[in-house]
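Student: One point on numbering: in numbering that gives the first Met the number 0, the residue at position 59 of the sequence shown is 58, and numbering is uninterrupted.
I'd like to ask some things about the structure below.
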Amino acid sequence: MAIELGSVVEGKVTRIMNFGAFVELEEKKVGLIHISEVADEYVNSVSDFLNEGDTVQAKVISIDNNGKIALSIKKLKQQQKQEAEKQFRTPKGKPTGRGEFKNNRQTSASFEDKLSKFLKDSDERLTDLKRKTDSKRGGRGSRRSD
């Protein structure tokens, strides 16, 4: 099987460096998983996630003119997650009910909805705090002059 852009390949980690991990692929080709493509979270050290001799699956994200192959574990996991989410949706794109709740909280709200709710709650709390502080200062928030 030829290594093509976007394909999923399996290989053995041969060397860990500060900037990433080298992976030996089929036909004695070598690919690099850059530190930014190891995981979705912050990666301080590649060796926290990968060890020499590990067999890994990764997605081919680029092949340059010199034959250098760039790999990504992060993009492969994101792709697998998207495919799994598609399985839990009906043809109309509505959730089927499976996997819709996490820790008894609804996760289907968009980032913008969550942000607007947070800002509204924050404004209400600040308003309440200002009222309480003003009443302790004499109602107007001004200082007493002696």
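Ideal Cβ placement from N, Cα and C applies to all residues, glycine included.
Please read all numbers here as calculations on a predicted model, not as lab measurements.
Could you check whether the Cβ of Ala-83 sits closer than 7 Å to any heavy atom belonging to the ligand MN?
Tutor: Ligands in the displayed structure: none, and consequently the ligand MN is not present.
Student: Evaluate Lys-101 with the Cβ neighbour count: other Cβ atoms within 10 Å of its Cβ, from every protein chain shown; 16 or more gives buried, anything less gives exposed.
Tutor: Low local confidence applies: a pLDDT of 49 at Lys-101 is under 50, so the model's placement there is unreliable, and no value is given.
Student: Between Ile-15, Asp-39, Glu-25, Phe-110, which has its C-alpha nearest Glu-3's C-alpha?
Tutor: The option with the nearest alpha carbon to Glu-3 is Glu-25.
Student: Under 8 Å, do Ile-62 and Leu-70 count as touching if we go by C-beta distance?
Tutor: No, they are not a contact pair.
Student: Considering only the beta carbon of each residue, do Val-22 and Lys-11 sit closer than 8 Å?
Tutor: Going by C-beta atoms, Val-22 is nearer than 8 Å to Lys-11.
Student: Is the stretch 47-57 close to the stretch 66-84, with three or more CB pairs under 8 Å?
Tutor: Yes, they touch.
Student: Any idea what DSSP makes of Glu-3, helix, strand or coil?
Tutor: Note: Glu-3 maps to coil in three-state DSSP.
Student: Which residues in the same chain have their Cβ closer than 8 Å to the Cβ of Ser-115, if we skip the five residues on either side of it in sequence?
Tutor: None.
Student: For Glu-123, count the other beta carbons within 10 Å of its own beta carbon; 16 or more makes it buried, fewer makes it exposed. Which is it?
Tutor: Its Cβ having fewer than 16 others within 10 Å, Glu-123 is exposed.
Student: Go through the stretch 27-91 residue by residue and report every complete run of the alpha helix (DSSP H) that reaches 4 residues or more, in order.
Tutor: With a minimum length of 4 residues, the continuous alpha helix (DSSP H) runs that stay inside the stretch 27-91 are 72-86.
Student: Would DSSP call Phe-18 helix, strand or coil?
Tutor: DSSP places Phe-18 in coil when its eight states are reduced to three.
Student: Please determine, among Ile-32, Thr-126, Glu-9, the residue with the shortest C-alpha to C-alpha distance to Glu-67.
Tutor: Strictly speaking, residue 67 in this sequence is Lys, with Glu absent from that position. Measuring from the Cα of Lys-67, the nearest candidate turns out to be Ile-32.
Student: Checking 8 Å against the spacing of the C-beta atoms, do Ile-15 and Val-42 come in under that value?
Tutor: Their beta carbons are not under 8 Å apart, which means Ile-15 does not touch Val-42 by this criterion.
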